[in-house]
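Engineer: The structure that follows is given in the form of structure tokens.
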Amino acid sequence: MRPPLRGSAWDAGRAILTFMALPDFTPRVGNDPKSVVIHLTTGTGMEIEWKDGHRSVYTFAFLRDACPCALCEDERTKARRKAGEPAKLAPGALPMFKPAVKALAAEAVGKYALKFTWNDNHDLGLYSWFYLREVCPCAECAAARK
Ligand SMILES: [Zn+2]
Ligand SMILES: [Zn+2]
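FYI, in our numbering the residues of the sequence shown are 257 to 402.
As structure tokens, this is what we get:
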């Protein structure tokens, strides 16, 4: 077994970003991740294993559509979209070609959040662990949100 990484580091061999949460005794609401794997090279998305054993799997498209920045939040509210829900086409509009959403880079922001740079050049969203757990797209969490 490899020793846990301190902070974040590029795993050049597998070309994914791995991040191991450091022991942190700050009391807070919610759950912290035990491990985070971001598949930047394959572009498949991100997997989080939480300290309570729950596992969250996000596609990059979902995360982009769940961007928590004020701009995207505002757009979603106007369009009545939930976090992670793709934009709907206006009635009668022709579908425009959009390249698949990809994360060009990901970095840890302190101990509490992640930041992505998306291939549409957007990088304003700070994805806190709390937020990521809140929008977990698995069936169990989706049912609990209803
Ligand atoms: Zn945004
Ligand atoms: Zn879940």
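Heads up, the beta-carbon is just placed ideally off N, CA and C, and yes, glycines get one too.
Quick caveat, the model's predicted, so the values are computed rather than measured.
Tell me whether the segment 343-352 and the segment 365-378 touch, counting them as touching only if at least three CB pairs, one residue from each stretch, are closer than 8 Å.
Structural biologist: no
Engineer: Spatial neighbours of V365 within its chain, please: CB distance less than 8 Å, with the 5 preceding and 5 following residues excluded, ordered by chain position.
Structural biologist: K371, L382
Engineer: Can you tell me which of I294, D288, A346, E303 puts its alpha carbon nearest to the alpha carbon of L360?
Structural biologist: I294
Engineer: Looking only at its own chain, which residues have a Cβ that is under 6 Å from the Cβ of P279, when we skip the five neighbours before and after it?
Structural biologist: Note that P279 has pLDDT 49, beneath the 50 cutoff, so the model's placement of it is unreliable and the number below is only indicative. So no residue of the chain qualifies.
Engineer: Assess contact between the segment 294-313 and the segment 333-346, defined as three or more Cβ pairs (one per stretch) separated by less than 8 Å. Is contact present?
Structural biologist: The count of Cβ pairs closer than 8 Å, one atom from the segment 294-313 and one from the segment 333-346, stays below three, leaving the stretches out of contact.
Engineer: So which residues put a beta carbon under 6 Å from any heavy atom of ligand 1, going in chain order?
Structural biologist: C323, C325, L327, C328, H378, L380, G381
Engineer: Could you tell me if P355 is buried or exposed, where buried requires 16 or more neighbouring beta carbons within 10 angstroms of its beta carbon?
Structural biologist: With fewer than 16 neighbouring CB atoms inside 10 Å of its own CB, P355 falls in the exposed class.
Engineer: Apart from the five residues just before and just after A268, which ones in its own chain have a Cβ nearer than 6 Å to its Cβ?
Structural biologist: Low confidence applies to A268: its pLDDT is 40, below 50, so where it sits in the model is not reliable, and the reading given next is rough at best. Taking A268 as the centre and dropping the five residues before and after it, the same chain places no C-beta closer than 6 Å to its C-beta.
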